[in-house]
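Numbering (my numbering), first residue to last: 149 to 712.
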């Protein structure tokens with residue numbers, strides 16, 4: 149295992165620290181400027197954790213615009229660093245404040261970073277990460293947005309900005325190979341923000357439930373992989389908590405509503421099934437209308453939405469020829485790289501049917517009614533997820549039957565948001581990983597309401613239990629990894645990350661280029677360029693990848709649709 153083949157794990161730790169500091173400082177600095185543009189008379193400084201997520205959100209449209217013309221490289225790092233250090237006196241103050249906070253919470257920071265590094269080291273995950281997630285990141289690292297890329301790798305028709313951010317955070321130009329810290333950074337930032345809120349707001353059980361789920365995520369592939377589903381879950385926690393916090397605090401900072409709007413716009417660009425976040429963004433705007441300050445700021449909110457959605461829509465058109473894959477109801481562009489319409493219809497169909505009964509033929513599942521597929525869907529999940537499903541249903545009924553749900557604006561808004569999110573995602577493809585955020589918001593709200601009635605606060609032991617759980621799961625994951633690996637590989641994994649699974653896949657000729665086209669269930673992982681989602685008839689539009697891909701032939705496909 150050579151250093152040329154695998155990234156240095158110690159350097160990956162430094163990378164995580166670097167990205168934590170960069171996103172924290174950039175998020176604080178840019179949000180303060182943005183907030184002053186909206187409400188100059190109010191002071192609102194995001195806490196650590198929230199500042200990191202804001203930093204990532206602000207980076208994302210800048211990276212997306214740059215990526216339209218260039219691959220994601222060191223130039224972006226130089227640009228963001230220059231923004232951060234443009235006022236050194238302010239940066240010194242912010243760093244000093246962060247240093248004091250880290251010293252005060254040294255154990256929390258140590259546990260979080262240790263848990264994150266272990267998650268990166270063991271490289272958990274299967275399925276989509278192997279099929280196309282890593283491929284999306286590799287394309288961003290090596291090329292600008294590729295015209296018609298969805299024809300070569302169908303799921304990449306989704307213009308997923310999270311893959312852009314992962315490519316940015318991966319620093320491949322330093323020689324790192326497939327070591328991505330984005331999910332770990334999001335985990336650390338979200339956990340820190342929620343943890344610091346426990347002393348500041350009344351809804352302590354609400355916070356504790358969300359934190360407990362974050363700890364349990366360490367035993368899944370979420371934290372160490374590159375999946376955007378975990379990011380949507382964290383954003384649901386953050387936006388939901390900000391909305392809840394805004395209404396229960398005596399001092400109602402308009403900056404919280406601005407954060408909600410900003411993060412909701414960001415969520416849509418991370419994954420299209422975050423569409424329900426627009427409802428929460430509208431709730432934030434409605435609150436500002438009621439406070440009679442929206443007349444001045446409405447154009448500025450539209451400007452924020454435009455900064456996110458215009459580059460995102462342009463990227464969609466470049467990659468797939470559609471405004472928002474796999475939505476085919478708006479067909480505006482007649483370009484030679486457009487992903488065939490029948491493929492969009494098949495994509496929606498397959499996502500929906502596969503989610504109902506994973507492992508079964510989607511055409512058989514499509515013939516089942518609700519009462520036929522629901523028991524199979526429930527039986528498919530493990531014990532933890534079954535308990536989560538049952539608890540969510542009970543929580544929804546508790547909230548429906550509780551008077552406070554209708555009287556309290558915060559609870560009412562979050563309840564509608566969570567229910568809307570659940571129904572939207574489950575009706576378009578009932579994959580449980582899509583709805584963790586909405587499920588946990590319902591559970592946290594119901595627990596908070598029930599225990600608040602008897603004025604029960606989480607005991608000190610409950611908060612300690614979270615730390616103990618984090619350490620226990622981290623050690624368990626590390627122990628399992630050590631047992632499963634040869635002794636020399638364990639030692640090397642401390643220095644170098646474990647390699648992703650990689651069968652030797654044969655190269656095939658496509659025009660003047662060689663690509664890997666593999667059969668279904670023979671995953672690509674990070675071998676590049678690779679696909680098993682190739683659309684039949686796909687070929688290069690020119691002589692190089694930068695010329696893009698198109699579909700040139702009409703082929704009857706076994707799936708029952710025609711590629712035009």
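Note that the Cβ used here is the ideal one computed from N, Cα and C, for glycine as well.
Cross-strand partners of residue i (DSSP beta bridge)
i, result
"residue 697", "688"
"residue 655", "664"
"residue 475", "472"
"residue 678", "664"
Nearest candidate by alpha-carbon position, reference residue i, set the options
i, options, result
"residue 445", "183, 700, 590, 550", "183"
"residue 279", "680, 353, 595", "680"
"residue 421", "509, 500, 197", "500"
"residue 693", "387, 659, 176", "659"
"residue 503", "552, 216, 204, 574", "574"
"residue 311", "321, 286, 599, 332", "286"
"residue 290", "268, 264, 323", "323"
"residue 559", "540, 354, 332", "354"
"residue 550", "601, 338, 495", "601"
"residue 330", "270, 468, 307, 264", "264"
"residue 295", "656, 589, 215, 570", "215"
"residue 542", "410, 589, 578, 490", "589"
"residue 288", "262, 191, 350, 463", "463"
"residue 720", "687, 622, 661, 477", "What is shown of the chain runs 149 to 712, which leaves residue 720 out entirely."
Continuous beta strand (DSSP E) stretch holding residue i: start and end
i, result
"residue 762", "What is shown of the chain runs 149 to 712, which leaves residue 762 out entirely."
Cβ-based burial, residue i [other Cβ within 10 Å; buried from 16]
i, result
"residue 450", "exposed"
"residue 256", "buried"
"residue 245", "exposed"
"residue 164", "buried"
"residue 369", "buried"
"residue 235", "exposed"
"residue 155", "Per-residue confidence for residue 155 stands at a pLDDT of 42, beneath the threshold of 50, marking its modelled position as unreliable; the derived number appears in the next sentence. Buried."
"residue 416", "buried"
"residue 710", "For residue 710, the predicted structure reports a pLDDT of 40, less than 50, and the residue's modelled location is therefore unreliable. The matter cannot be settled from this model."
"residue 320", "buried"
"residue 515", "exposed"
"residue 716", "No information on residue 716 is available, as it lies outside the stretch 149 to 712 that the chain covers here."
"residue 605", "exposed"
"residue 745", "Because the chain in this structure spans residues 149 to 712, residue 745 falls outside the shown range and cannot be described."
"residue 162", "exposed"
"residue 586", "buried"
"residue 158", "exposed"
"residue 691", "exposed"
"residue 704", "Low local confidence applies: a pLDDT of 46 at residue 704 is under 50, so the model's placement there is unreliable, with the coordinate-based value given in what follows. Exposed: under 16 other Cβ atoms inside 10 Å."
"residue 607", "exposed"
"residue 318", "buried"
"residue 233", "exposed"
"residue 538", "exposed"
"residue 677", "buried"
"residue 706", "Per-residue confidence for residue 706 stands at a pLDDT of 46, beneath the threshold of 50, marking its modelled position as unreliable; no derived number is given."
"residue 523", "exposed"
"residue 479", "exposed"
"residue 473", "buried"
"residue 591", "buried"
"residue 419", "buried"
"residue 306", "buried"
Segment limits, alpha helix (DSSP H) that includes residue i
i, result
"residue 377", "376–396"
"residue 540", "531–548"
"residue 714", "This structure cannot settle anything about residue 714, because the visible part of the chain is limited to 149 through 712."
"residue 407", "402–418"
"residue 215", "198–215"
"residue 288", "282–290"
"residue 481", "Where residue 481 is concerned, there is no enclosing alpha helix (DSSP H), given that its DSSP letter is neither H nor E."
"residue 573", "557–576"
"residue 438", "425–438"
"residue 373", "Looking at the DSSP string, residue 373 is not in any alpha helix (DSSP H), and its letter there is neither H nor E."
"residue 366", "First-last for residue 366: undefined, no H or E at that position."
"residue 579", "Residue 579 -> no alpha helix (DSSP H), and no H or E assigned at all."
"residue 250", "236–252"
"residue 335", "330–345"
Residue-level contact to chain C via CB, residue i, 8 Å cutoff
i, result
"residue 568", "Absent from the structure: chain C. Only one protein chain is present."
Any non-hydrogen atom of the ligand ADP closer than 7 Å to residue i Cβ
i, result
"residue 591", "Of ligands this structure carries none, so the ligand ADP is not represented either."
**Report entry** Segment contact, 8 Å Cβ cut-off, at least three pairs: the segment 252–268 with the segment 613–629
**Finding:** A contact exists between the segment 252–268 and the segment 613–629.
Requested in this report: Answer yes if the segment 203–217 comes into contact with the segment 172–192, meaning at least three C-beta pairs across the two stretches below 8 Å, and no otherwise.
Outcome: In short, these stretches touch, since the Cβ pair count reaches three.
Report task. Evaluate contact between the segment 382–395 and the segment 579–593, counting only Cβ atoms and requiring at least three cross-stretch pairs below 8 Å. Result -> Contact holds: three or more Cβ-Cβ distances are below 8 Å.
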